[in-house]
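A short worksheet on the structure shown next.
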Amino acid sequence: MKRTNPVAIVTGSGKRLGRQIAMALAINGYDIVVNYYNSKKGAHQTVKNVEKLGKKAIAVRADVSRKFQVDRMVRIAYHKFGRIDLLVNNSAIFVECDPLNISEKIWNNTINTNLKGSFICIQSVIPYMLKLKRGSIINIVSLGGIQAWKKHLPYSVSKAGLIMLTKCFAKILAPKIRVNAIAPGTILINGEESLSIHHVNKKNIPLKKYGTPLDITEAVTYLATKAKYMTGQILIIDGGRSIQ
149 MKRTNPVAIV TGSGKRLGRQ IAMALAINGY DIVVNYYNSK KGAHQTVKNV EKLGKKAIAV
209 RADVSRKFQV DRMVRIAYHK FGRIDLLVNN SAIFVECDPL NISEKIWNNT INTNLKGSFI
269 CIQSVIPYML KLKRGSIINI VSLGGIQAWK KHLPYSVSKA GLIMLTKCFA KILAPKIRVN
329 AIAPGTILIN GEESLSIHHV NKKNIPLKKY GTPLDITEAV TYLATKAKYM TGQILIIDGG
389 RSIQ
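The sequence shown begins at 149 in the numbering used here and counts up one residue at a time.
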């Protein structure tokens, strides 16, 4: 039987951290399903980047908060590659807002994408991973799901929920499917930073610096390829900020 590469679906991989994760997984032998919703141009650039690394990739548009769109994306992935080994739930909405005047739209959009969307994606890939009798799911949560970020209340709530979702599914899907999460602190990506986002002062981070995409992608590849005896765990990568 011809050997095939493992296959990863990375949500929100048309830009920023999602793109970096997709490329890191490609370097480590994965073919990639690049999920996007609005970032069509960026998604196709991610595909090109992955192909330059010698791996296969397809871009599939899907709103992760809509089950029928996610189910379609996963079917396309399976039809194209014949297997699904890894899901990285990276899609997220991060909006700063007045905690006493949060609109219903901001609340719904944030919860639907960050929490509901991850739940739907996990539900959708489970049958395909069980066909292989193995699989790995990595949820990109946040330090904001551990600390109370009052100016990002919907985001903090959604990521706290995703942490519990990680632990619940880890119990439900063991021993065949491992489910873990990564909680980044402040990660700066050169050329893709929004000037509207105010970052914590480096003085308030014990290591006195911001993180880089490599800090996160190394953790993703570790959980995907080496951490065979880990499930239900949250890796905090924040320069020590969570202990302040």
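Ideal Cβ positions, reconstructed from N, Cα and C, are used throughout, including at glycine.
From the listed residues ALA191, ALA172, LEU280 and GLU366, the smallest Cα separation to LYS324 is found for LEU280. By alpha-carbon distance to LYS298, the top candidate from ASN249, LEU173, LEU371 and ASN176 is ASN249. Of the candidates CYS269, ASP233, VAL236 and GLY202, the residue whose Cα lies closest to the Cα of ARG220 is CYS269.
For ASN257, the enclosing alpha helix (DSSP H) starts and ends at 252-259. Your pair THR334 and HIS347 checks out as a contact, with CB atoms roughly 5 angstroms apart and the cut at 8 angstroms.
Judged by beta-carbon spacing, ILE353 lies beyond the 9 angstroms limit of GLY380, meaning their Cβ atoms are not closer than that value.
Within the model, the alpha-carbon separation for ILE382 versus ALA331 is close to 7 angstroms. Within a 10 Å sphere around the beta-carbon of PHE216 sit fewer than 16 other beta-carbons, which makes this residue exposed.
DSSP, reduced to helix, strand and coil, places ILE180 within a strand of the structure shown. In the structure shown, VAL243 falls within a coil segment according to DSSP collapsed to helix, strand and coil. The beta carbons of LYS203 and GLY177 sit closer together than 9 angstroms. Assignment of VAL195 by DSSP, reduced to helix, strand and coil, places it in the helix class. For SER284, the uninterrupted beta strand (DSSP E) run begins and ends at 283-288, by DSSP.
Using a Cβ distance threshold of 9 angstroms, VAL208 and THR261 do not count as a contacting pair.
Between the beta-carbon of LEU291 and that of ASP386 there is about 5 angstroms, and that keeps the pair under the 8 angstroms contact cut.
Contact check for SER284 against GLY265 fails: the beta carbons are separated by 9 angstroms or more.
In its chain, beyond the 5 residues on either side, THR159, SER266, CYS269 and ASN287 have a beta carbon closer than 6 angstroms to the beta carbon of ASN237.
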